[in-house]
Amino acid sequence: MNTEPKNTPPRLERISDYPAFHAARAPGAEALSGVGGDYTYRTFSDAVDFLASAMLSRGIGKGDVVATLAPPRGEFFIIFLATARIGAVWLGLNPKSTRRELGHILADAKPALVFSIGATRERDSRSELEALGIEPNQIVIMDDPDSFAALRCEGEGGDPEHLRLAVDAVKPEDPALIVYTSGTTGSPKGALLSQGGMARSFHTQACVADVQDVRILNNLPINHIGSVGDVSCHALVCGGLVHFMDVFDPAGSLEAIETRRLTIWGQVPVQLQQSLESETAGQHDLSSLQLIFWSGGVAPAPLVKRLLGLGPRLLNAYGMTEATSNVTYTLFDSSASDLSETVGVAAPDCEVRIIDGEGRVLPAGKDGEVCIRTDRLMIGYLNKDDATREAIDQDGWLRTGDAGMVGEDGLLRLTGRKKEMFKSGGYNVYPREIEQVLEAVAGVRVAVVVAAPHPVFGESGVAYIIPAPGANLSEDTLRDWCKENLANYKIPKTFRVRDTLPALAIGKIDKVALKKDAEMAFSGT
14 MNTEPKNTPP
24 RLERISDYPA
34 FHAARAPGAE
44 ALSGVGGDYT
54 YRTFSDAVDF
64 LASAMLSRGI
74 GKGDVVATLA
84 PPRGEFFIIF
94 LATARIGAVW
104 LGLNPKSTRR
114 ELGHILADAK
124 PALVFSIGAT
134 RERDSRSELE
144 ALGIEPNQIV
154 IMDDPDSFAA
164 LRCEGEGGDP
174 EHLRLAVDAV
184 KPEDPALIVY
194 TSGTTGSPKG
204 ALLSQGGMAR
214 SFHTQACVAD
224 VQDVRILNNL
234 PINHIGSVGD
244 VSCHALVCGG
254 LVHFMDVFDP
264 AGSLEAIETR
274 RLTIWGQVPV
284 QLQQSLESET
294 AGQHDLSSLQ
304 LIFWSGGVAP
314 APLVKRLLGL
324 GPRLLNAYGM
334 TEATSNVTYT
344 LFDSSASDLS
354 ETVGVAAPDC
364 EVRIIDGEGR
374 VLPAGKDGEV
384 CIRTDRLMIG
394 YLNKDDATRE
404 AIDQDGWLRT
414 GDAGMVGEDG
424 LLRLTGRKKE
434 MFKSGGYNVY
444 PREIEQVLEA
454 VAGVRVAVVV
464 AAPHPVFGES
474 GVAYIIPAPG
484 ANLSEDTLRD
494 WCKENLANYK
504 IPKTFRVRDT
514 LPALAIGKID
524 KVALKKDAEM
534 AFSGT
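Take the sequence shown: its letter number 431 is residue 444 in this note's numbering, and every next letter is one higher.
What follows is the structure in structure tokens.
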């Protein structure tokens with residue numbers, strides 16, 4: 014692990030301190046560009062403070078939740094930092110989420126203010142939010158000048174002393190961010206991440222990456238730690254540029270690297286693969302890139318070899334929301350096999366150990382559950398103290414639910430998942446949530462979802478359905494229902510209606526047998 018970077022970024026105690034810090038030292042440096050507008054660090058810092066003052070004038074204070082429903086665009090990052098600046102807690106919402114998914118999160122987090130994009134061809138965000146219980150005076154439409162710009166004007170006329178007192182009252186251990194991450198029960202939990210934890214995590218990542226003149230692409234959904242942290246906060250800590258694209262465009266990503274002279278390209282593996290297979294692949298100048306990194310899934314060996322051929326350093330990482338993102342990184346100059354088969358070694362501020370079912374620490378070469386300890390673990394799950402105690406033990410070790418082993422070479426290899434969660438296109442997918450949605454369909458008696466390999470997304474869901482007597486269920490009916498109630502990456506690629514499913518001796522459905530069935534069908538055997 015590179016512990017002595019050539020380019021050491023400043024280490025501040027609170028993530029919300031960085032805009033003002035860089036504005037004081039390099040006011041004309043580029044901070045944001047792309048969708049949402051262009052900002053220098055001076056105009057960026059001013060926008061954060063104006064919005065923070067405006068929220069104070071609206072009665073938003075320490076501990077209140079402020080949500081944003083939007084694709085990745087510059088306004089979201091300004092809103093996040095303005096929220097954290099006054100000790101409120103920011104929540105990102107994905108426009109691809111269904112009304113059912115949004116309803117659960119809003120009911121749990123109870124935001125005092127919601128920023129949102131306006132109506133699109135697919136949906137009217139304002140009316141949907143109001144239907145979910147958000148009052149009209151709690152909604153600010155980001156792309157409506159009479160709404161968002163008016164709020165900023167309120168802030169420009171705000172009391173500087175009021176803002177200063179609010180900022181001074183914020184402590185490093187205070188929560189800054191909620192990220193909802195589902196569980197095996199299918200009920201998403203809100204992980205509370207602290208100001209100091211975010212500052213430490215992305216300072217560590219910046220040191221490991223060790224890139225001069227950070228200029229990074231953000232086309233990732235804002236409800237994930239990858240968008241807020243791995244990309245945006247990484248650049249923020251370094252005083253670098255974040256270039257926003259509000260949709261993932263494989264060819265457009267390559268064009269952005271060339272035209273904006275981006276130095277870091279961070280994506281999930283499937284996005285990298287799709288860009289390299291796009292119609293303009295090989296036609297763009299990517300020489301500005303110093304680093305390509307990925308997390309959230311395994312990069313197949315052929316993809317790694319193609320990436321190595323582009324020239325920049327490659328970095329693979331492993332992390333989870335509850336640890337404020339990445340906890341292991343591959344070493345610089347790692348081989349193609351190490352980049353595709355391992356997730357490297359513990360980050361400088363993290364400890365990793367493998368335990369057995371009895372909680373005993375296992376030696377190198379033995380497979381067990383991966384556990385993490387670091388001073389940047391989440392504060393806990395919002396409104397779920399029992400779940401927090403189950404996840405983090407009294408000694409501060411987070412049980413990840415992932416299975417793995419540390420080899421004699423010291424590299425961590427993930428061998429599976431203790432829990433049933435799988436990754437599709439870099440997104441975490443939890444079978445029980447999908448099963449609950451399918452079991453709400455009239456005529457469905459039992460629904461079971463397992464993962465199978467997928468050539469593009471890494472893994473995808475296969476749904477097995479037992480119908481009620483006399484029910485006539487079609488694959489189209491099941492898929493249409495899922496489209497109404499689940500984000501697209503959660504929808505199973507295949508639906509199989511069966512009269513019976515294999516069962517264990519104790520009567521439970523044999524998911525191991527179903528998984529083998531799904532994998533055999535995929536391989537054609």
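Note that the Cβ used here is the ideal one computed from N, Cα and C, for glycine as well.
Sequence-distant residues of the same chain with beta carbon closer than 6 Å to residue i, five excluded per side
i	result
Gly306	Contrary to the premise, residue 306 reads as Phe rather than Gly in this sequence. Result list for Phe306: Gly279, Leu328, in chain order.
Gly41	Thr53
Lys75	Gly100
Ala219	Pro22, His247, Val250, Cys251
Bridge partner(s) assigned by DSSP for residue i
i	result
Leu190	Trp103, Leu206
Glu472	Pro466
Thr507	Val475
Pro480	Val457
Asn441	Lys436
Arg386	Glu364
Val227	None; Val227 has no bridge partner.
Arg177	DSSP, once it has assigned bridges, lists no residue as partnering Arg177.
Leu499	BP columns for Leu499 are empty, so no partner.
Gly393	Leu205
Ile3	Examination of residue 3 is not possible in this model, given that the chain is present from 14 through 538 alone.
Whether residue i touches residue j by CB criterion (8 Å)
i	j	result
Pro282	Leu316	yes
Val340	Thr387	yes
Asp243	Ser308	yes
Arg274	Ser301	yes
Gly471	Val365	no
Val127	Leu142	yes
Ser214	Ser338	yes
Phe90	Leu164	no
Leu82	Leu64	no
Leu104	Ser29	no
Pro85	Asn236	no
Pro556	Ile392	Residue 556 lies beyond the range of the chain shown here (14 to 538); nothing can be said about it.
Val224	Ile277	yes
Leu299	Glu271	yes
Leu424	Val383	no
Ala8	Ala531	A question about residue 8 goes unanswered here, because the residues of the chain that appear run from 14 up to 538.
Three-state class that DSSP yields for residue i in the structure shown
i	result
Lys75	coil
Val525	helix
Thr197	Confidence is the limiting factor: at Thr197 the pLDDT is only 42, short of 50, which leaves the residue's position unreliable and the question unanswerable from this model.
Thr16	Unreliable positioning characterises Thr16 in this predicted model, as indicated by a pLDDT of 49, which lies under 50. The coordinate reading is nonetheless provided below. Residue state, collapsed to three classes: coil.
Gly414	strand
Asn232	coil
Ala80	strand
Arg112	helix
Ala516	strand
Thr96	helix
Ser266	helix
Ala162	helix
Ser487	coil
Ser46	strand
Gly87	helix
Phe257	strand
Leu289	helix
Thr545	Residue 545 lies beyond the stretch modelled for the chain, which goes from 14 to 538, so this question has no answer here.
Ile28	helix
Gly168	helix
Val244	helix
Ala531	helix
Thr21	coil
Gly381	strand
Gly239	helix
Beta-carbon contacts of residue i that lie in its chain and below 8 Å, excluding the five residues immediately before and after
i	result
Val469	Val283, Gln286, Gln287, Gly438
Thr293	Ala264, Leu267, Glu268
Phe161	Glu88, Phe128, Val153, Ile154, Met155
Thr198	Because the pLDDT of Thr198 is 46, which lies under 50, any placement of that residue in the model is unreliable, and the question is left without a value.
Beta-carbon contacts of residue i that lie in its chain and below 7 Å, excluding the five residues immediately before and after
i	result
Ala400	Lys202, Tyr394
Val461	Glu448, Tyr477, Leu514, Ile522, Lys524, Leu527
Glu167	Ala67, Ser70
Pro480	Gly456, Val457, Arg458, Leu486, Val510
Gly49	Arg86, Gly87, Glu88, Phe257
Pro124	Val78, Val79, Ala80, Leu104
Gly196	Residue placement at Gly196 is poorly supported in this model, since its pLDDT is 48, which falls under 50; the coordinates still yield a value, given next. Here the set comprises Lys202, Tyr443.
CB contact below 8 Å: residue i versus chain C
i	result
Ser70	Any reference to chain C falls outside this structure, which holds one protein chain only.
Runs of beta strand (DSSP E) lying entirely within the segment 118–146, each at least 3 residues, in chain order = Segments of the beta strand (DSSP E) lying fully in the segment 118–146: 126–129.
May I have a chain-ordered list of the alpha helix (DSSP H) segments no shorter than 4 residues that lie completely inside the segment 296–376?
-> You should have 314–321, 349–354.
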